[in-house]
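So the mapping is simple: this note's numbering equals the position in the sequence shown, first residue as 1, plus 38.
The beta carbon of each residue, even a glycine, is placed where N, CA and C say it ideally should be.
Remember, predicted model here, so these are calculated numbers, not experimental data.
Let me begin by presenting the structure, written as structure tokens, before commenting on it.
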Amino acid sequence: MSSERETSRILTVYYTYLNGKDRRPLIRLQGKWLQDLGFQSGDKVVIEEHSGALLIKAVTDDITVKVKGEV
């Protein structure tokens with residue numbers, strides 16, 4: 039077994055329904071690998087959008103977050 043941590047994962051995009059009719063994409067992340075990376079239940083995360091990619095980071099005191107739509 040390799041001691042190197044995997045750096046990529048393939049997940050399936052699912053759908054969820056809002057108001058019983060509006061279909062929206064849903065990506066669910068779960069697994070021990072999240073805990074191994076330092077993410078714990080109840081932690082806050084910030085998700086940055088980048089040209090077809092998402093970057094997920096734990097919220098810490100040194101992260102400044104600009105929320106979409108804010109000035």
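- In this structure, the beta-carbon distance from residue 83 to residue 91 does not fall below 7 angstroms.
- In its chain, beyond the 5 residues on either side, 83, 96 have a beta carbon closer than 8 angstroms to the beta carbon of residue 77.
- Here residue 59 is not bridged, per DSSP, to any residue.
- Your pair residue 53 and residue 64 checks out as a contact, with CB atoms roughly 6 angstroms apart and the cut at 8 angstroms.
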